[in-house]
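Accompanying notes for the structure given below.
Protein chains: 2
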Amino acid sequence: MKKYVLITFLMALAVNCCVAQLLLPATKPNPAQQAMIKRGYGMFIHFGINTFNNTEWSDGTLPLESYNPTNLDPDQWVLTAKKAGFRYVLLTTKHHDGFCLWDSKYTTYDVASSPVKMDVVKAVSDACKKYGIQFAVYYSLWDRKEPSYKDKDPQKYVDYMLNQLTELFTNYGTIGELWLDGGWDKKPSDWGVDQIYSLVKKYNPNCAVSVNHTIVNEEGKRNYTPPANMTEDNKYFFQYFPSDFRLWDPELAAKSDKKQYLHEGKSYYLPFEHTICISKRLNWFEKTEPLPTRDLDELEELFYWCTDNDNCLVMNVPPDQTGRIREYVANTAIGLGKRLDLSLNKPLPKNGKFISMNKPVVATSVWDDKNGQYAGNAINDGKMSSRWAAKDTLATVEMELNPSEPFNKISIFEYQDTKRLPDGFSQIRVPRIQQYSVDIMQNGQWQTIYLSDEPMGDCKVIKLPLSYNTSKLRLKVLKATAPPSIYELNVINMQKK
Amino acid sequence: MKKYVLITFLMALAVNCCVAQLLLPATKPNPAQQAMIKRGYGMFIHFGINTFNNTEWSDGTLPLESYNPTNLDPDQWVLTAKKAGFRYVLLTTKHHDGFCLWDSKYTTYDVASSPVKMDVVKAVSDACKKYGIQFAVYYSLWDRKEPSYKDKDPQKYVDYMLNQLTELFTNYGTIGELWLDGGWDKKPSDWGVDQIYSLVKKYNPNCAVSVNHTIVNEEGKRNYTPPANMTEDNKYFFQYFPSDFRLWDPELAAKSDKKQYLHEGKSYYLPFEHTICISKRLNWFEKTEPLPTRDLDELEELFYWCTDNDNCLVMNVPPDQTGRIREYVANTAIGLGKRLDLSLNKPLPKNGKFISMNKPVVATSVWDDKNGQYAGNAINDGKMSSRWAAKDTLATVEMELNPSEPFNKISIFEYQDTKRLPDGFSQIRVPRIQQYSVDIMQNGQWQTIYLSDEPMGDCKVIKLPLSYNTSKLRLKVLKATAPPSIYELNVINMQKK
């Protein structure tokens, strides 16, 4: 049902005037950011026309008839979120293909024109109210279907978005977060971000708004700043202003991620929201073939990493072609929630102290690289983007520690060979390290505290039954199918429960 | 220091007369058995001349000089046992090679004649007193060193044993258990088991005594009954009488293991003591090369299996060539103890209810065998010796369940290809199943509750975050390197803590 309703130029102008007042320079979180940080952990739900076509992206030409869930059950999605301890549900209301999960007056490429007419946005927002979980909205700026998108006057498509967002913000109760995606397809100034921001704040001043790839290295230039590099305050710039938080899907922030970002000479406080997949193969939309989920050890460490330091995490838990989250996928999310003892009424649990951060590291072997980017000290620089890589299959990396600092946990994120699948997104990861030991120096001798003859896997977590102190710790690779490479090796002191 | 001291024939005779009174027909545990069952979980320590020669068995010709630990620390062994929650320590005081870990007057093939003269039996028994753990003794009947062993009068060697056991039972405090091994090398009647039993009971009536391979199928014949077959009372016979418990190293008893065994027409109550290795490669004596330990998931399930139904478990945790238990090996034992919350003052924890036991099973594929021994119903017969084996690489095995019985855990013991190492004992196990799902029937459809793309491993434990009920459960093998084979697939209802 498509009936264009034009917002008057005057109204748009009026909205625009207020923007400067809506996001003020600050060094502490404002109420919208406080609420977001307090929530901290959300379920991301990718569902739409792609789900039924085994694809991650589509261009608006997939037939409406293909959207045909046989057992559509958004209540089950949100009930799963509740059982798993998520505090908000972030729904892809419209992806790049333009297909809308609600009955929009402004397009016919929506659920209302499909074989299964359920208003999914309503069903999810209703279930969120029922289970006491905050509802949140993902909306793609990039729209490969809507004709006004290609109009030479960019405001035409901005008006389309303002109309759709007005539908979303007026018909589905309080929306806690607006996640805008696909900004790379036009100039930042063409998206009317300020108009969107004003519109949203008019309906809910505490809605946190952001655009993917929020921050750049140079003001006015599209030179993206990856989140692992955000280790200095007041060095990087908004490319989308105003935004209440930073996004950089699906990368991970630095362990000591900073919060102050610049716009026109002023500094703004911005937390980071992480986006990860529950799927081991990084699929966002569920595929017909059941794919494995990540191990709980890895998810637990990622949870801690991503919710640390007042940042947030949304984990993608997609429903399948029947319209339900598969039981084993739900079990992984719920299993993580039980393991972490997540509940709405408690603060999010924290990882222990990283006693290894930036301590001196020596590796027996380093991959030749003129920039020296694979040096041993990449393993404890707090960046999941940098890594140590050996030149030899068998190699050892050794770290100095402060012997007065105890530890009882080690987590190792291994770089793995990845095989990208034909969809261009999902991938299979293959560990290189097959056998290894972790040794510590005790009374002048190396002592093995952990020995494994199993592939290291995505993230190896070694929970030690006792606390140790040592001056040196090393990872010794005993067998590998390729030269080993490690993103991070964290030596951690967990508080006893 | 070898000075033969002969026990008079009269004394031996006097001891012999009392035997019939020492073990009485019963259907309930006697005090020695009660104490043993209450202990339930012991640390087995293999240490001796073999430790220094990278071997499991030797023949008494290994030079005494080779026994040369550089940092012998039996206190560390027992402290590890204490930290790990073991309630007794069972020490190999003499293995088949005849080498004695104490200063025996009756041989020079002992620690006192070696480079490191510490009386290890004394050090361990002292540490046991210090840490409040029961001391127990392994002693090999089979002795490849002692000359009297080959005398045509078997009593000569029996006297040697009685003398050595008198040393052990009079100089090292209370010994809670005597574990006799190697009986296969002579006729059962040649070992003087009744004399040994009487001697031991004279010093400690509550010492539980047994000989490896205690039970046979026919009275008076050496037709061993493996413990997995012990599913009927009053059907099998002692070959070594008297014995307070059953041994069959290193096999596992049936889940519904029975307790009544026959001797001369009378029925005796006998619990079973399991013997397992902490090492994944089944080495009893530690090798120079550090070898991996079993996963905690497998050890947890084995602990439950082996201590179930008033049986006992000793787990072998061997010290290395320095004379200490390696730190990573100790960590596995201590980690298991912490996971199971083992402590001296609490009863041993129990597994949940096995709702799958003997339920109807259908397999899509069964290995051709005229005896039908690889049928699907081997996976829930409570026997770790029998197994389902498929003919095809991809196969599914399906089990009917009672839908009124909930479950929240599944454990799967996979048969693996084993590569036996040159020592004739230790082995490398290689899983066949690489990818698999566990599915249940819900509302007429199969629903995957667990999906893995990692090798199944020694024992896969799936802890479900929710309870399920179903009429049918199946294991579906999605990828395997050889036709899959499963010893046991247990569907378990764990009580919530």
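These protein sequence lines are chains G and P, in that order. FYI, the numbering for the first sequence is 96 to 592, going by my numbering. FYI, the numbering for the second sequence is 96 to 592, going by my numbering. We put the beta carbon where it would ideally sit given N, CA and C, even for glycine. The structure presented is a predicted model; accordingly, all values stated were derived computationally and were not measured.
What is the DSSP secondary structure of residue i, counted as helix, strand or coil?
| i | result |
| --- | --- |
| G:Ile420 | coil |
| P:Ala577 | coil |
| G:Ala458 | strand |
| G:Phe194 | coil |
| G:Leu174 | helix |
| G:Phe340 | coil |
| G:Val572 | strand |
| P:Asn411 | strand |
| P:Leu439 | coil |
| P:Phe181 | coil |
| P:Val211 | coil |
| P:Ile474 | helix |
| G:Leu431 | helix |
| P:Asn426 | helix |
| G:Lys247 | coil |
| G:Ser649 | Residue 649 of chain G lies beyond the range of chain G shown here (96 to 592); nothing can be said about it. |
| G:Asp221 | helix |
| P:Lys98 | Unreliable placement is indicated for P:Lys98, whose pLDDT of 44 sits below 50; no coordinate value is reported for it. |
| P:Leu108 | The predicted position of P:Leu108 is uncertain, since its pLDDT is 42 and thus under 50; no value can be drawn from it. |
| P:Asp405 | helix |
| G:Asn324 | helix |
| G:Tyr226 | helix |
Based on the DSSP secondary-structure assignment, which residues constitute the bridge partners of residue i?
| i | result |
| --- | --- |
| G:Asn588 | G:Lys448 |
| G:Trp279 | DSSP output for G:Trp279 lists no bridge partner at all. |
| G:Thr187 | G:Tyr233 |
| G:Glu583 | G:Phe508 |
| P:Leu167 | Answer is none; P:Leu167 lacks a bridge partner. |
| G:Phe333 | G:Ile310 |
| P:Tyr162 | P:Tyr162 pairs with nothing; no bridge assigned. |
| P:Asp205 | P:Cys195 |
message: Which runs of the alpha helix (DSSP H) at least 4 residues long sit entirely within the stretch 110 to 145 of chain P? Give them in chain order.
response: Listed in chain order, the alpha helix (DSSP H) elements of length 4 or more contained wholly in the stretch 110 to 145 of chain P are 114 to 117, 126 to 134.
message: Could you check whether the stretch 178 to 190 of chain G touches the stretch 126 to 143 of chain G, counting it as contact only if at least three pairs of C-beta atoms, one from each stretch, sit closer than 8 Å?
response: A contact is defined here as three or more CB-CB pairs under 8 Å, and the stretch 178 to 190 of chain G meets this definition with respect to the stretch 126 to 143 of chain G.
message: Threshold first: 3 residues or longer. Then list the beta strand (DSSP E) segments lying entirely within the stretch 344 to 401 of chain G, N to C.
response: Counting only unbroken stretches of 3 or more residues, the beta strand (DSSP E) elements lying wholly within the stretch 344 to 401 of chain G are 355 to 358, 361 to 364, 367 to 372, in sequence order.
Short-range partners of chain G found in the stretch 417 to 450 of chain P, where Cβ spacing is below 7 Å: Listed in sequence order: Arg421, Glu422, Tyr423, Asn426, Ile429, Gly430, Lys433.
message: For the stretch 408 to 415 of chain P against the stretch 444 to 460 of chain P, do three or more pairs of beta-carbon atoms, one drawn from each stretch, fall closer than 8 Å, so that the two count as touching?
response: Output reads no: the stretch 444 to 460 of chain P does not touch the stretch 408 to 415 of chain P.
query: Counting Cβ pairs, one atom from each stretch, are 3 or more of them under 8 Å apart for the stretch 478 to 491 of chain G and the stretch 449 to 466 of chain G?
result: Touching, per the Cβ criterion.
Continuous beta strand (DSSP E) assignments of at least 3 residues falling wholly in the stretch 480 to 568 of chain G: Listed in chain order, the complete beta strand (DSSP E) runs (minimum 3 residues) inside the stretch 480 to 568 of chain G are 491 to 495, 502 to 509, 512 to 515, 522 to 525, 528 to 537, 540 to 547, 554 to 563.
- request: Mind checking the stretch 533 to 558 of chain P against chain G and listing, in chain order, the residues whose C-beta falls within less than 7 Å of any C-beta there?
  value: So the list reads Gln542, Thr543, Ile544, Tyr545, Leu546, Ser547, Asp548, given in the order they occur along the chain.
task: Could you name each continuous alpha helix (DSSP H) segment of 4 residues or more that falls completely within the stretch 250 to 320 of chain P, going from the start of the chain to the end?
output: At a cut-off of 4 residues, the continuous stretches assigned as alpha helix (DSSP H) that sit fully inside the stretch 250 to 320 of chain P are 288 to 298.
- prompt: What residues from the stretch 556 to 579 of chain P come within 7 Å of chain G, judged by C-beta to C-beta, listed N to C?
  reply: Correct list: Leu559, Pro560, Leu561.
query: Is it a yes or a no for the stretch 240 to 252 of chain P touching the stretch 267 to 278 of chain P, going by three-plus beta-carbon pairs under 8 Å?
result: Too few Cβ pairs lie closer than 8 Å, so no.
task: Residues of the stretch 485 to 499 of chain P with a CB closer than 8 Å to any CB of chain G: list them in chain order, please.
output: Of all residues in the stretch 485 to 499 of chain P, none has a C-beta nearer than 8 Å to a C-beta of chain G.
query: If we count Cβ pairs, one from each stretch, closer than 8 Å, do we get three or more for the stretch 418 to 426 of chain G versus the stretch 530 to 545 of chain P?
result: Yes, the stretch 418 to 426 of chain G touches the stretch 530 to 545 of chain P.
task: Pull out every residue of the stretch 501 to 514 of chain G whose Cβ sits closer than 8 Å to any Cβ of chain P, in chain order.
output: So the list is empty, because no residue satisfies the distance condition.
query: Is there contact between the stretch 171 to 181 of chain P and the stretch 217 to 227 of chain P, where contact requires at least three CB pairs shorter than 8 Å?
result: Pairwise C-beta distances place the stretch 171 to 181 of chain P in contact with the stretch 217 to 227 of chain P, as three or more of them are shorter than 8 Å.
message: For the structure I just gave you, are there three or more beta carbon pairs, one from the stretch 526 to 539 of chain P and one from the stretch 376 to 383 of chain P, closer than 8 Å?
response: These segments do not touch.
- prompt: Between the stretch 383 to 400 of chain G and chain P, which residues of the former have CB atoms less than 9 Å from a CB of the latter, in chain order?
  reply: Within the stretch 383 to 400 of chain G, the residues whose Cβ lies closer than 9 Å to some Cβ of chain P are Pro385, Leu386, Pro387, Thr388, Asp390, listed in chain order.
query: Does the stretch 334 to 353 of chain P come close enough to the stretch 311 to 326 of chain P that 3 or more CB-CB pairs lie under 8 Å?
result: Flag = yes, the stretch 311 to 326 of chain P and the stretch 334 to 353 of chain P touch.
message: Under 8 Å: do the stretch 562 to 570 of chain G and the stretch 556 to 573 of chain P share three or more Cβ pairs, one atom per stretch?
response: Segments in contact, no.
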